[in-house]
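Engineer: For the sequence shown, counting from 1, position 206 maps to 1073 in our numbering; every step adds exactly one.
Glycine is no exception: its CB is placed at the ideal position from the N, C-alpha and C atoms.
All figures in this text were calculated on a predicted structure; none of them were measured in a lab.
One structure is given below, represented as structure tokens, and several questions about it will come after.
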Amino acid sequence: MFGSATANPPAQRDLPSGDGDGGAPDAQAPYLLEISHVTKGFPGVVALNDVQLRVRPGSVLALMGENGAGKSTLMKIIAGIYQPDAGEIRLRGKPVRFETPLSALQAGIAMIHQELNLMPFMSIAENIWIGREQLNGLHMVDHREMHRCTAELLERLRIKLDPEELVGTLSIAERQMVEIAKAVSYNSDVLIMDEPTSAITETEVAHLFSIISDLRAQGKGIIYITHKMNEVFEIADEVAVFRDGAYIGLQRAESMDGDSLITMMVGRELTQLFPEREKPAGDVLLSVNRLSLNGIFKDVSFDLRAGEVLGIAGLMGSGRTNVAETLFGITPSDSGEVRFDGKTVHIGDPHQAIELGFALLTEDRKLTGLFPCLSVMENMEMAVLANYAGNGFVQQKALRALCEDMCKKLRVKTPSLEQCIDTLSGGNQQKALL
């Protein structure tokens, strides 16, 4: 496992510049990172069209845009996952081109993905230094030195975790802290954070923001992707907006408000963010009475009417997800009554729930929603496949027509229905599942 480890001390790294000449960064460069006229296309789709971006040292740049705006594609280009078709990237004033994520890391750019990339059965220390393990005089892994370096790193970031703790035992928020520590361990000057608060509590968000403030004070440039406007105005210095693969503009955060930001994102002025209903909600469609699951939630009751959106709020661990999974038959309830369309129903499994007309978009699409190696169409048709099959045959034409219609209605951006769903942006994956 550690056979290819290097003997370089993990806490002491001279990182090469991206152009490979080993020269010192240009101290006169006004920006830490500059993106100019970058274009990127995939078969049938122009993901980015002549976009630009700039990141100042010691600042947080919030990157905003609707699903499919091109945010993730640009970040993957900056991080060396994709290569641009045209355009230029300058780091510390020098042109760079990253052929691999490793070359971007070595140049000082680290990306913390929305889907965290950690090994659950390895310790925090092993995850942080994987591929860069400290070796002793016998060329064996020096676990004691790795522990020491990790402890120093975590202390510097005010992250209270044991370096020897297995990552699989950590909460989502704690794993994000490990990802941040790993990024900082590369002496990264640019940190890209992709929706880091999507699954953590308000207290954990406050801790994350304090760490971001510390990194900003150290002169790091942080690109912060989010859909939450309150976070933009709390943590960001500047805001850049993308729309339909194009760069719309960049402004100081303090010069904007929620309305102006939304207008930039959607391309039109919204006179009513929450307009009045054109027609009232209909009859009660779903009625839940004193629903309970031992030790998880108790006496949950509500009515949902046709044409109505019901929000279920609460912190992580409060039972929100468990209620949804119980209604979908994943974890049948211990007591209580569920009435659907006026009739009492007992939902014992997801198949029964689907037949009744229930659908569930799971909390973690990567783990429990997607078939990442299958196509967009294969993922979309999964829940209704039985309705289009019989006598050993599948009605492919009817299924394709259905999927094409849904892609058009939900504006799923994909080159084709045969495209592997794992290559789509997170927002388009979610639309395909819907």
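Is any non-hydrogen atom of the ligand MG found closer than 6 Å to the C-beta of residue 950, if you look at the structure I gave you?
Structural biologist: In terms of ligand content, the structure shown is empty, and the ligand MG therefore cannot be addressed.
Engineer: Count the other C-beta atoms from every protein chain shown that fall within 10 angstroms of the C-beta of residue 1286, then say buried if there are 16 or more, exposed otherwise.
Structural biologist: The residue in question, residue 1286, is buried, as its Cβ has 16 or more Cβ neighbours within 10 Å.
Engineer: Tell me the DSSP secondary structure of residue 940 in three-state form.
Structural biologist: If DSSP states are grouped into helix, strand and coil, residue 940 belongs with the helices.
Engineer: Report the partner residues of residue 979 according to the DSSP bridge assignment.
Structural biologist: Per DSSP, 1060.
Engineer: Do residue 932 and residue 1108 have their beta-carbon atoms positioned less than 7 Å apart in this structure?
Structural biologist: It is a contact, given that the beta carbons lie within the stated cut-off.
Engineer: Please state the DSSP three-state secondary structure of residue 1218.
Structural biologist: Note: residue 1218 maps to helix in three-state DSSP.
Engineer: Tell me the residue span of the alpha helix (DSSP H) that contains residue 1244.
Structural biologist: Element bounds for residue 1244: 1243 to 1248.
Engineer: How long is the line joining the alpha carbons of residue 896 and residue 1012, rounded to whole angstroms?
Structural biologist: Note that residue 896 has pLDDT 45, beneath the 50 cutoff, so the model's placement of it is unreliable and the number below is only indicative. Cα-Cα distance, rounded: 37 Å.
Engineer: State the DSSP-derived secondary structure class of residue 1077, mapped to helix, strand or coil.
Structural biologist: The answer is helix: DSSP assigns residue 1077 an H, G or I state.
Engineer: With distances taken from CA atoms, which of 1116, 1195, 1272 is nearest residue 918?
Structural biologist: Comparing Cα positions, the closest option is 1116.
Engineer: From what residue to what residue does the alpha helix (DSSP H) around residue 968 run?
Structural biologist: Residue 968 -> alpha helix (DSSP H) spans 968 to 974.
Engineer: What does DSSP give as the partner residue(s) for residue 1132 in the beta ladder?
Structural biologist: Partner(s): none; residue 1132 has no beta bridge.
Engineer: Short check: CB of residue 914 to CB of residue 1112, under 7 Å?
Structural biologist: Yes; because the gap between Cβ atoms is below 7 Å, this pair is in contact.
Engineer: Taking 8 Å as the limit between beta carbons, can you name the residues of its chain near residue 1027, skipping five residues before and five after?
Structural biologist: Within the same chain, residue 1027 has close Cβ partners 1021.
Engineer: Using CA coordinates, which residue listed in 1203, 1275, 1144, 1194 is at the minimum distance from residue 1174?
Structural biologist: Of the candidates 1203, 1275, 1144, 1194, the one whose C-alpha sits nearest the C-alpha of residue 1174 is 1144.
Engineer: Which residue from 1010, 979, 982, 981 puts its Cα closest to that of residue 989?
Structural biologist: Among 1010, 979, 982, 981, the Cα nearest to that of residue 989 is on 1010.
Engineer: Rounded to whole angstroms, what is the Cα-Cα separation between residue 986 and residue 1056?
Structural biologist: Cα-Cα distance, rounded: 25 Å.
Engineer: If we count the other Cβ atoms within 10 Å of its Cβ and call it buried at 16 or more, is residue 947 buried or exposed?
Structural biologist: Buried, since its Cβ has 16 or more Cβ neighbours within 10 Å.
Engineer: Just to confirm my understanding: we take residue 1066, look at its own chain, exclude 5 residues before and 5 after, and list those with CB closer than 6 Å. What are they?
Structural biologist: Only 1039 meet the Cβ criterion.
Engineer: Pair every Cβ in the region 1118 to 1127 with every Cβ in the region 1145 to 1153, then say whether three or more of these pairs are closer than 8 Å.
Structural biologist: Short answer: they don't touch.
Engineer: Span of the alpha helix (DSSP H) holding residue 1048?
Structural biologist: Where residue 1048 is concerned, the enclosing alpha helix (DSSP H) stretches over 1039 to 1052.
Engineer: When you compare each of 1165, 1265, 1176 to residue 1185 by their alpha carbons, which one comes out closest?
Structural biologist: Per the Cα distances, 1165.
Engineer: Looking only at C-alpha atoms, which of 1110, 899, 1098 sits nearest to residue 1120?
Structural biologist: When only C-alpha atoms are compared, the closest one is 1098.
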